[in-house]
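Sequential numbering of the sequence shown, starting at 1, is according to UniProt numbering.
Take a look at the structure below.
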Amino acid sequence: GYGLGWYANRDDPWPCLYRAVRPAWNDTNLCNLAEKLQVTLFFAHVRAASQGMDVSENTCHPFRQGRYMWMHNGAVAQFFRIRRAILARLKGGAFDFALSCGTSDSAWCFALFLNEIEDAERPLQAHAIADALNRSFKVLEELLLQEGVEEISLLN
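The following block contains the structure:
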């Protein structure tokens, strides 16, 4: 699967998404969008689903919650060992998001980020977003250490 995300204009803080499980090269809707879409900020992601992971539009990147979008290349090492611990830390909208977007490490990393910002509807300055991202990665690192996971996780 693949997905596209964009912010239509500066006056509208809510991102638009287009996601599909069919190949991008075989998607006539994508061709129609590409002909007319004019934006200044655009996300594009081709998903390489991990073995055993669900492949559906709901699990394709980018993910969106409130005014924020997220996509992730890489993998959280031994993710299956920390899923329950992640879920136990999530509150409110972050918890609901994790449950609604399947069980991929990418979606749950976004849920950890959402947990740190607390309100996905509220605008934040760039430094506050960076701080929340760093805190979410520290939580992830802490959980991996607690489980004794020594493999490197790729979080780019």
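C-beta: ideal position from N, C-alpha, C; glycine also.
The Cβ-Cβ distance between alanine 77 and glutamate 151 falls below 7 Å. Taking 7 Å as the cut-off, the beta carbon of phenylalanine 43 is found closer than this to the beta carbon of methionine 71. Distance check between glycine 93 and each of Gln65, Ala75, Ile82 places Gln65 closest, using alpha-carbon atoms only. Shown here, alanine 120 sits in coil according to DSSP, grouped into three states, outside any helix or strand. In the three-state reduction of the DSSP assignment, valine 46 falls in the strand class. Ranking Asp54, Lys138, Leu87, Thr59 by CA distance to the CA of leucine 17 puts Thr59 first. A direct Cα-to-Cα measurement between glutamate 57 and glycine 3 gives close to 8 Å. The C-beta distance from asparagine 134 to glycine 74 rounds to 17 Å, too long to fall under 8 Å, and the pair is not in contact.
By the Cβ neighbour-count rule, glutamate 116 is buried, with 16 or more other Cβ atoms within 10 Å of its own.
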